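The structure under discussion appears below in the form of structure tokens.
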Amino acid sequence: MFNRDFIQQFSQNFIAQIQHVSPIDGFLTYQTDNIQHAHDFEHDGISKSAIDEYLNGKIEYDPVSFRHFYHGHQNIALLGEYQPNEIFVNFMQRWQVEDTAEFFFRKRDGKLIFGLSIFREQGKAKFNQQEKKIFESFYRLSIDHFHHHVDMINRDKIMDQYQLTKKEIVVLEELFTNLEAIQISQKLNCSLSTIKTHVQHIYQKLNVNSRQELVCKLIR
Numbered sequence: 154m155f156n157r158d159f160i161q162q163f164s165q166n167f168i169a170q171i172q173h174v175s176p177i178d179g180f181l182t183y184q185t186d187n188i189q190h191a192h193d194f195e196h197d198g199i200s201k202s203a204i205d206e207y208l209n210g211k212i213e214y215d216p217v218s219f220r221h222f223y224h225g226h227q228n229i230a231l232l233g234e235y236q237p238n239e240i241f242v243n244f245m246q247r248w249q250v251e252d253t254a255e256f257f258f259r260k261r262d263g264k265l266i267f268g269l270s271i272f273r274e275q276g277k278a279k280f281n282q283q284e285k286k287i288f289e290s291f292y293r294l295s296i297d298h299f300h301h302h303v304d305m306i307n308r309d310k311i312m313d314q315y316q317l318t319k320k321e322i323v324v325l326e327e328l329f330t331n332l333e334a335i336q337i338s339q340k341l342n343c344s345l346s347t348i349k350t351h352v353q354h355i356y357q358k359l360n361v362n363s364r365q366e367l368v369c370k371l372i373r
């Protein structure tokens, strides 16, 4: 689906950021094709037997599995905020897992394509709300970099197809970030009115009315 070397490096860097501020005992990463299928698992600190048992049935009882968040917009979930049933609690106890925190990375159109799960061993403190806020900050700081590598637009094709100028394609690429117009103007060292004019021309040429429509049209 996307560059394996990049996703491994991205995972390692993201986990390292977390470990600087929040102790964890292991992790699991995976890619998703659809709501039923995950693949390309990487893990540390937990046995393959536990992962196999989870995927072969216990995932159905996990209130924070990627399947429950596939169609939503939530990107982080703590198991401790939910009430797993007795079957899943027993599974966790047997494998000595106290708590998990889940990260869901999506394409710009909202499709979930990559997941990261971190966990703490039995007897350790559960992840708390302060840690969740830190995780959310890490996520916001990482998502543009993630999109840049796994959800790229075809610059030359779009320029030709919609007759965009070189300046317009530069602005269009910034519209795929979380930056506001004033921030884009500062980054590109031009006036806010110039940016707004470019955006207006881009919308007209692509026949869209908003940034969201633009993203949905260009990212499939």
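Under this note's numbering, the residues of the sequence shown are numbered 154 to 373, in order. Ideal Cβ positions, reconstructed from N, Cα and C, are used throughout, including at glycine. Every value quoted in this text rests on a predicted model; they were computed, and no experiment measured them.
Please report the residue range of the beta strand (DSSP E) in which residue i lies.
{"i": "residue 257", "result": "250–259"}
{"i": "residue 356", "result": "First-last for residue 356: 345–359, but that is the alpha helix (DSSP H), not the beta strand (DSSP E)."}
{"i": "residue 226", "result": "No beta strand (DSSP E) contains residue 226, which DSSP labels as neither H nor E."}
Does DSSP classify residue i as helix, strand or coil?
{"i": "residue 274", "result": "strand"}
{"i": "residue 187", "result": "strand"}
{"i": "residue 198", "result": "coil"}
{"i": "residue 266", "result": "strand"}
{"i": "residue 178", "result": "coil"}
Is it right to say residue i is buried, meaning 16 or more other beta carbons lie within 10 angstroms of its own, or is it exposed?
{"i": "residue 207", "result": "buried"}
{"i": "residue 351", "result": "buried"}
{"i": "residue 360", "result": "exposed"}
{"i": "residue 321", "result": "buried"}
{"i": "residue 254", "result": "buried"}
{"i": "residue 278", "result": "exposed"}
{"i": "residue 199", "result": "buried"}
{"i": "residue 201", "result": "exposed"}
Thinking just about the alpha-carbon of each residue, which of the options is nearest to the one in residue i?
{"i": "residue 168", "options": "180, 158, 157", "result": "180"}
{"i": "residue 184", "options": "307, 176, 194, 256", "result": "194"}
{"i": "residue 309", "options": "196, 362, 319", "result": "319"}
{"i": "residue 354", "options": "316, 175, 238", "result": "316"}
{"i": "residue 376", "options": "362, 217, 244", "result": "Past the boundaries of the shown model lies residue 376; the chain is included only from 154 to 373, so the question cannot be answered."}
{"i": "residue 265", "options": "187, 330, 329", "result": "187"}
{"i": "residue 269", "options": "251, 276, 275, 288", "result": "288"}
Could you check where the alpha helix (DSSP H) with residue i kicks off and where it finishes?
{"i": "residue 170", "result": "157–174"}
{"i": "residue 319", "result": "319–327"}
{"i": "residue 368", "result": "364–371"}
{"i": "residue 243", "result": "239–247"}
{"i": "residue 299", "result": "282–303"}
{"i": "residue 218", "result": "No alpha helix (DSSP H) holds residue 218; DSSP gives it neither H nor E."}
{"i": "residue 341", "result": "334–341"}
{"i": "residue 310", "result": "308–315"}
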